[in-house]
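Data block below; observations after.
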Amino acid sequence: MKIMKSKYQYIAILGALLLIPLQGCQKLLEKKPLGELTSDSFFQNETHALWATNAVYNLLRNWEVHVFSYIGMTDIVSDDADKGSTPNDANFLLEIDEFTYDAGNLAMSTVWSGYYRGIYRANLAIENIPNIDMNENLKARYIAENKFLRAYFYFTLVRWFGDLPLILKPLSPDEYKQPRTPAAEVYAAIIQDLKDAAEVLPDSYPATETGRATRGAANAYLSKVYLTLGDFGNAETYAMKVINSGVYGLYPDFEKLFQPAGENSIESIFEVQSTALDIGGAGSQYNEVQGVRGVPNLGWGFNRPSDDLVASFERGDPRRDATILYVGEILPDGSDFVSDNPEIVGERYNQKAWVPEHTGGNGNGPGNIRLFRYAEVLLIAAEALNENGKTDQALTYLNMVRARARGGKNVLPDVTLTGKEALRQAIWHERRVELAMEQHRWFDILRQGRAAELMSKLKPKFKAGKNELFPIPQSEIDLSGGLMTQNPGY
Numbered sequence: 233m234k235i236m237k238s239k240y241q242y243i244a245i246l247g248a249l250l251l252i253p254l255q256g257c258q259k260l261l262e263k264k265p266l267g268e269l270t271s272d273s274f275f276q277n278e279t280h281a282l283w284a285t286n287a288v289y290n291l292l293r294n295w296e297v298h299v300f301s302y303i304g305m306t307d308i309v310s311d312d313a314d315k316g317s318t319p320n321d322a323n324f325l326l327e328i329d330e331f332t333y334d335a336g337n338l339a340m341s342t343v344w345s346g347y348y349r350g351i352y353r354a355n356l357a358i359e360n361i362p363n364i365d366m367n368e369n370l371k372a373r374y375i376a377e378n379k380f381l382r383a384y385f386y387f388t389l390v391r392w393f394g395d396l397p398l399i400l401k402p403l404s405p406d407e408y409k410q411p412r413t414p415a416a417e418v419y420a421a422i423i424q425d426l427k428d429a430a431e432v433l434p435d436s437y438p439a440t441e442t443g444r445a446t447r448g449a450a451n452a453y454l455s456k457v458y459l460t461l462g463d464f465g466n467a468e469t470y471a472m473k474v475i476n477s478g479v480y481g482l483y484p485d486f487e488k489l490f491q492p493a494g495e496n497s498i499e500s501i502f503e504v505q506s507t508a509l510d511i512g513g514a515g516s517q518y519n520e521v522q523g524v525r526g527v528p529n530l531g532w533g534f535n536r537p538s539d540d541l542v543a544s545f546e547r548g549d550p551r552r553d554a555t556i557l558y559v560g561e562i563l564p565d566g567s568d569f570v571s572d573n574p575e576i577v578g579e580r581y582n583q584k585a586w587v588p589e590h591t592g593g594n595g596n597g598p599g600n601i602r603l604f605r606y607a608e609v610l611l612i613a614a615e616a617l618n619e620n621g622k623t624d625q626a627l628t629y630l631n632m633v634r635a636r637a638r639g640g641k642n643v644l645p646d647v648t649l650t651g652k653e654a655l656r657q658a659i660w661h662e663r664r665v666e667l668a669m670e671q672h673r674w675f676d677i678l679r680q681g682r683a684a685e686l687m688s689k690l691k692p693k694f695k696a697g698k699n700e701l702f703p704i705p706q707s708e709i710d711l712s713g714g715l716m717t718q719n720p721g722y
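Under the working numbering, the first residue of the sequence shown carries the number 233, and numbering increases by one thereafter.
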């Protein structure tokens with residue numbers, strides 16, 4: 233049985249015991265656990281430690297964390313995608329697409345609530361699991377898993393919002409109102425959590441534990457955090473730890489990598505588990521919101537690959553057709569073809585989010601969410617090595633990614649550039665086409681310092697010095713009594 237697939241019943245039980253609804257971080261902190269079970273009655277044994285940890289993983293499939301708003305604030309906001317779907321559906325995403333959003337936009341408050349909910353759950357586990365009488369090695373592993381997940385939530389939030397309330401423990405009532413902590417301190421906490429996790433987490437798990445965080449995942453995220461900070465020495469160090477571990481490799485077929493056959497493959501470093509069970513409880517809407525709208529009726533049609541993305545693929549690159557699903561194209565399983573929907577302008581879809589027809593129903597779809605792949609580690613290594621003056625090694629890892637993409641076709645020749653700037657541009661291009669529509673592009677162009685340059689050409693309402701960060705939800709500022717300040721320009 234896989235984590236969050238067959239253990240969904242544990243999560244539901246835990247949810248009834250200690251998890252609480254919220255509209256935002258401050259509201260979360262102001263509510264008390266149902267039945268006062270969180271510390272006194274719940275964290276009593278090894279099973280409780282498992283349930284508490286699984287409850288944090290469970291959020292990764294949640295609507296507030298990796299579905300509608302998340303896709304809007306990663307892909308649709310970038311030059312890789314447009315809102316898609318019908319013109320009048322989900323205007324809050326259209327505001328993101330056109331850079332007309334403000335601090336009242338639904339997406340910002342949604343992810344703020346979801347990610348701080350995850351931090352809250354992780355903090356409860358980290359605070360209470362040490363006091364349980366249980367196997368010490370397993371105890372340490374559960375704490376490490378929760379630190380990894382807390383780091384993941386904060387890493388996403390800090391790139392969206394900048395300075396954040398940094399909360400690393402359950403708070404007492406007089407601590408509920410928290411100011412924003414400088415982003416540098418948030419990053420320091422992220423790095424410490426990931427380092428702590430990497431010291432304890434195993435390299436792999438038995439099949440019954442598929443989906444849990446590993447040492448490789450912690451090191452991979454460390455490499456990405458350091459890359460984001462421009463610390464190329466440490467980015468190289470941690471990327472090479474993953475490469476030299478020998479645990480991972482490239483899945484041979486790029487297109488099938490994103491189909492059911494490619495789930496939890498040798499390329500998977502961190503992957504959210506989703507299954508469409510008839511009784512619910514283990515699925516996600518990540519794929520549904522991006523599915524074909526019309527005939528066949530597979531979803532809502534959001535997150536349309538942009539014209540700019542289509543034009544970015546080199547001639548003959550097989551990844552273009554593996555990434556983009558066009559009108560008239562036969563579905564990957566051969567079950568149907570995409571019919572023209574006259575209500576959708578420039579109709580095309582994210583093929584990486586396609587899943588076969590299933591019985592799970594609305595809001596309970598299959599399809600794992602691939603958050604970190606080995607190909608990205610190779611590209612992080614290539615970028616860091618190039619910045620560190622190690623051109624030959626950088627080319628090796630860059631060309632490994634291109635070789636897998638080309639397969640047996642006479643396309644995508646090896647890159648032979650030796651100049652640092654030219655190779656940097658080649659690596660950035662490769663990141664775009666390799667990771668397209670996987671919710672990386674916005675964060676990439678931000679850390680590269682190119683958001684204003686690229687977005688102002690496509691979106692005239694983009695404002696440099698403002699739109700690099702999203703606004704803190706106004707509801708959170710109001711709840712803080714003015715203790716939290718707003719980002720510039722909002």
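Glycine included, C-beta positions come from ideal geometry on N, C-alpha and C.
- Taking a contact as a CB-CB distance under 8 Å, the pair A376 and L433 counts as one, their CB atoms being some 5 Å apart.
- In this structure, the alpha-carbon of R382 lies about 42 Å from that of K641.
- Following the DSSP letters along the chain, one finds K315 inside the beta strand (DSSP E) bounded by residues A313 to G316.
- Counting the other Cβ atoms within 10 Å of the Cβ of E407 gives fewer than 16, which makes it exposed.
- Around the beta carbon of S301, 16 or more other beta carbons lie within 10 angstroms, which makes this residue buried.
- In this structure R353 is in contact with L291, their Cβ atoms being roughly 7 Å apart against a cut-off of 8 Å.
- Fully enclosed beta strand (DSSP E) runs of no fewer than 3 residues are not present anywhere in the region 438-488.
- When P484, A614 and R605 are compared, the shortest CA-CA separation from P550 is found for P484.
- Pairwise C-beta distances place the region 596-614 in contact with the region 626-633, as three or more of them are shorter than 8 Å.
- Relative to the Cα of R349, the nearest Cα in the group L370, Y386 and G721 belongs to Y386.
- The Cβ neighbour count for R663, taken over all protein chains shown within 10 Å, is at least 16; the residue is labelled buried.
- For S341, DSSP assigns no beta-bridge partner whatsoever.
- Of the residues V521, V474, E468 and F545, the one whose Cα lies closest to the Cα of R536 is V521.
- In this structure, DSSP gives L433 a state outside helix and strand, which the three-state scheme calls coil.
- Judged by DSSP secondary structure, L557 falls outside any alpha helix (DSSP H) and instead within the beta strand (DSSP E) spanning I556 to Y558.
- Counting C-beta pairs with one atom in each stretch, the region 493-510 and the region 445-462 have three or more that are closer than 8 Å, which means they touch.
- Taking C-beta atoms under 8 Å as the contact rule, L396 and L389 qualify, at a distance of about 6 Å.
- In the structure shown, E417 adopts helical secondary structure according to DSSP, grouped into three states.
- Annotation: the continuous beta strand (DSSP E) that includes I501 extends over S500 to V504.
- Considering only D553, T507, Y581 and N600, the residue with the shortest C-alpha distance to E666 is D553.
- Counting along the chain, the unbroken alpha helix (DSSP H) around N369 starts and ends at E368 to F393.
- Contact between R525 and N573 holds: their C-beta atoms lie close to 6 Å from each other, under 8 Å.
- Residue ranges of uninterrupted beta strand (DSSP E) with 3 or more members, entirely inside the region 600-649 and ordered along the chain, are 601-605.
- Pairing L400 with A430 gives a Cβ-Cβ distance that is not under 8 Å.
- Of the other Cβ atoms in all chains shown, 16 or more fall within 10 Å of the Cβ of N286; this residue is therefore buried.
- Excluding the 5 residues flanking it on each side, N378 has same chain C-beta neighbours closer than 7 Å at T285, V288, A354, A357 and I358, in chain order.
- E561 has its alpha-carbon roughly 42 Å from the corresponding atom of I351.
- Closest in C-alpha terms to N294, from the list S345, A335, D329 and A313, comes S345.
- In this chain, the alpha helix (DSSP H) harbouring Y302 covers F300 to I303.
- In the DSSP assignment, P397 is bridged to no other residue.
- P537 carries a strand assignment under DSSP once its states are collapsed to helix, strand and coil.
- Inter-segment contact for the region 691-709 and the region 319-339 is present: three or more beta-carbon pairs are separated by less than 8 Å.
- Residue range R580 to N582 is occupied by the beta strand (DSSP E) that includes R580.
- Under the 10 Å beta carbon count, G578 is surrounded by fewer than 16 other beta carbons and is classified as exposed.
- The DSSP-derived three-state label of I704 is coil.
- Within its own chain, the residues whose Cβ lies closer than 7 Å to the Cβ of W532, once the five positions on either side in sequence are excluded, are S317, E520, V521, G523 and R525, listed in chain order.
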